[in-house]
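Chemist: Taking the numbering used here, the leading residue of the sequence shown gets 30, the next gets one more, and so forth. Beta carbons: idealized from backbone N, C-alpha and C, even for Gly. From a predicted model like this one, the values you see are computed outputs, not experimental measurements.
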Amino acid sequence: MVNYKNALCIYEKFGEECKQACVFNGIGGLYSSLGDNGKAMENYKHALCIYEKLGEVCKQADVYNGIGITYGSLGDKGQAIENLKNALCIYEKFGEEHKEADVYNNIGNTYYSLGDGGQAMENYKNALCIHEKFGEERKQVDVYSNIGNTYYSLGDNGQAMENYKHALCIYEKLGEECRQARVYNNIGAVFCSLGDNSQAMMNFKNALCIYEKFDNEHGQAEAYCNIAAIARFYNSVEAMALYRSALALFQKHGDVIRQAEIWHNIGILYLNMSKHPEAEKSLKESLRLYELVFMNLGSLEKLKITVIETYIKTYPIVMFAGSLVVGGPIVMFAGSLVTFAGYGVVCVTTGGPVRFTQSLACTKTCLIPFGNQPYFSKSYR
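1. Give me the Cα-Cα distance between F279 and E290, rounded to the nearest whole angstrom.
2. Under the rule that 16 or more other beta-carbon atoms within 10 Å means buried, what is S315, buried or exposed?
3. Report the option in L83, R287, L312 whose CA atom is closest to the CA atom of L298.
4. So, is L276 buried or exposed, given that buried needs 16 or more other C-beta atoms within 10 angstroms?
5. Our contact map puts P89 next to L77 with C-beta atoms below 8 Å; I'd like the distance itself, whole angstroms only.
6. In whole angstroms, what separates the C-alpha of N235 from that of I39?
7. When the distance is taken between beta carbons, is L117 closer than 9 Å to I136?
8. How long is the line joining the alpha carbons of K310 and G296, rounded to whole angstroms?
9. Where are the alpha helix (DSSP H) runs, 4 residues long or more, that stay fully inside the segment 265-312, in chain order?
10. Please tell me whether, using a cut-off of 8 Å, the distance from the CB of F279 to the nearest non-hydrogen atom of the ligand ATP is below it.
11. Provide the residue span of the alpha helix (DSSP H) that contains E161, from first to last.
12. Note the first and the last residue of the continuous alpha helix (DSSP H) segment covering L143.
13. Taking the alpha-carbon of S227 as reference, which of G204, A258, G57, L203 has the nearest alpha-carbon?
14. Whole angstroms are fine: how far does the CA of Y133 sit from the CA of E126?
15. Tell me whether N325 sits in a helix, a strand or coil according to DSSP, three-state version.
16. Could you check where the alpha helix (DSSP H) with Y33 kicks off and where it finishes?
17. Does the Cβ-Cβ distance between S182 and Y141 come in under 9 Å?
18. Would K128 be called buried (16 or more neighbouring beta carbons within 10 Å of its own) or exposed?
19. Indicate the three-state DSSP secondary structure (helix, strand or coil) for S365 in the structure shown.
20. Buried or exposed for S174, going by 16 or more other Cβ atoms inside 10 Å?
21. So, are the CB atoms of Y60 and A50 less than 9 Å apart?
22. Quick check: the segment 242-258 against the segment 204-215, are at least 3 beta-carbon pairs closer than 8 Å?
23. Considering only their Cβ atoms, is the gap separating G177 from V212 smaller than 9 Å?
24. Using C-beta distances below 7 Å, list every residue in its chain close to F233, excluding the 5 sequence neighbours before and after it, in chain order.
25. Can you tell me the Cα-Cα spacing of D131 and A109, whole angstroms?
26. From this set, G44, D91, L321, which residue's C-alpha is nearest D485's C-alpha?
27. Taking the continuous alpha helix (DSSP H) assigned at D91, which residues delimit it?
28. Please report the distance separating the alpha-carbon of C198 from that of S303.
29. If we ignore side chains and look at the alpha-carbon of each, how far apart do H160 and V172 end up?
30. Determine the extent of the alpha helix (DSSP H) in which F243 is found, giving its start and end residues.
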């Protein structure tokens with residue numbers, strides 16, 4: 030950052046506007062990599078303004094790509110797609126196939142995050158076709174991983190596994206251990222979906238070993254969660270220790286949504302262990318954190334709906350746990366509402382009164398398949 034700013038100062042002194050724009054774009058990319066989307070957007074727009082003034086159309090495409098990625102990180106998928114398509118249109122006009130492939134990948138990622146697997150797959154395959162044409166194995170491998178994620182989300186475990194194994198083979202060839210960890214984790218998630226917990230556990234542990242080697246604490250935390258999701262079936266104490274280890278890391282890094290998920294899973298585990306006061310306390314903490322996330326989402330309505338849906342899953346279990354603490358079943362009548370920051374959420378809609386008296390021993394915890402957030406191709410500087 031210091032070098033960028035020194036360069037910018039010199040270029041401004043001599044009126045080198047085109048080079049200033051290049052530095053603004055680089056600073057935008059750096060802020061984006063640091064997670065400061067506001068500063069990233071500010072610098073990208075400075076760059077875009079100068080390139081438009083100078084008529085540097087091809088370089089505008091580079092900035093549109095960066096702006097699209099940033100909007101995606103901010104949750105504004107509509108603006109993300111619009112800017113990425115602006116970039117794609119320019120690259121196609123100038124025959125910049127390498128860059129087209131990267132933008133196709135980024136558009137695929139955006140559609141994936143919207144749950145549109147069909148559009149995601151179409152764009153990923155366009156990217157893969159170009160990378161194969163030019164023999165770019167390093168870029169092919171990220172797209173294989175993304176295609177695997179998409180097939181997994183569509184429930185096609187066979188195709189997901191095939192693409193993950195392609196990715197793993199290339200990452201091993203290239204010696205990219207950190208990326209191998211992501212793929213091991215995703216292969217574990219596929220085996221888990223297939224009911225093969227032994228293979229799932231082996232792959233999750235492979236991922237954990239690599240994350241520990243490279244001191245990737247976020248990756249470690251996600252691997253702990255996935256291992257715990259299997260361990261809970263045969264060793265509640267081990268599962269609890271794993272969840273607690275993951276929780277400590279997510280707290281360290283301020284990942285509130287993951288903390289909420291883990292408190293939910295800890296609550297379910299306490300219920301299965303018949304520790305009802307601890308279960309109620311853990312589940313209430315999960316709800317508190319979900320509410321905190323919701324209140325900080327601003328105008329991002331789609332993300333709010335996702336948080337509400339998760340909240341709904343947790344709320345009845347809190348009620349159940351509370352009923353066990355006070356010593357009797359709790360009754361909720363049809364049509365009762367949970368008011369969530371102005372949203373009326375129907376928890377019980379039909380039938381008569383519902384008694385939460387059944388065992389929750391088979392209630393599933395939230396398996397967190399780390400790496401299912403796709404890779405973004407970096408903006409060209």
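Modeler: Short version:
1. One C-alpha to the other measures close to 11 Å.
2. S315 is classed as buried because its beta carbon has at least 16 other beta carbons within 10 Å across all chains shown.
3. Of L83, R287, L312, the residue nearest in Cα terms is L312.
4. Buried, since its Cβ has 16 or more Cβ neighbours within 10 Å.
5. At residue 89 the sequence reads Gln, which differs from the Pro that was named. About 6 Å separates the beta carbon of Q89 from that of L77, a gap short enough to meet the 8 Å contact definition.
6. N235 and I39 have their C-alpha atoms some 49 Å from each other.
7. Yes, the pair counts as a contact, with Cβ atoms nearer than the cut-off.
8. Distance between K310 and G296, taken at the CA atoms: about 8 Å.
9. The qualifying runs are 265-282, 285-301.
10. Although the ligand ATP was asked about, the structure shown includes no ligands whatsoever.
11. Residues 146-162.
12. L143 -> no alpha helix (DSSP H), and no H or E assigned at all.
13. That would be A258, whose Cα lies nearest to the Cα of S227.
14. Approximately 10 Å between the Cα atoms of the pair.
15. The answer is coil: DSSP assigns N325 none of H, G, I, E or B.
16. Element bounds for Y33: 31-42.
17. The criterion of a C-beta distance shorter than 9 Å is satisfied by S182 and Y141.
18. With 16 or more other Cβ atoms within 10 Å, it is buried.
19. Bear in mind that a pLDDT of 33 at S365, under 50, signals an unreliable position, so the model cannot answer this.
20. It counts as buried.
21. Contact annotation: Y60 and A50 have beta-carbon atoms that are not nearer than 9 Å.
22. Using a C-beta cut-off of 8 Å, the segment 204-215 makes contact with the segment 242-258, since at least three inter-stretch Cβ pairs fall below that distance.
23. Against a cut-off of 9 Å, the Cβ pair of G177 and V212 comes out as a contact.
24. Result list for F233: N214, G217, A252, N255, I256, in chain order.
25. Rounded to whole angstroms, D131 and A109 show a C-alpha spacing of 14 Å.
26. Because the chain here runs from 30 to 410, residue 485 falls outside it and cannot be looked at.
27. If you look at D91, you'll find it in the alpha helix (DSSP H) that goes 86-102.
28. Here the alpha carbons of S303 and C198 stand approximately 45 Å from one another.
29. Cα to Cα, the separation comes out at about 9 Å.
30. According to the DSSP assignment, F243 belongs to no alpha helix (DSSP H), since it is labelled neither H nor E.
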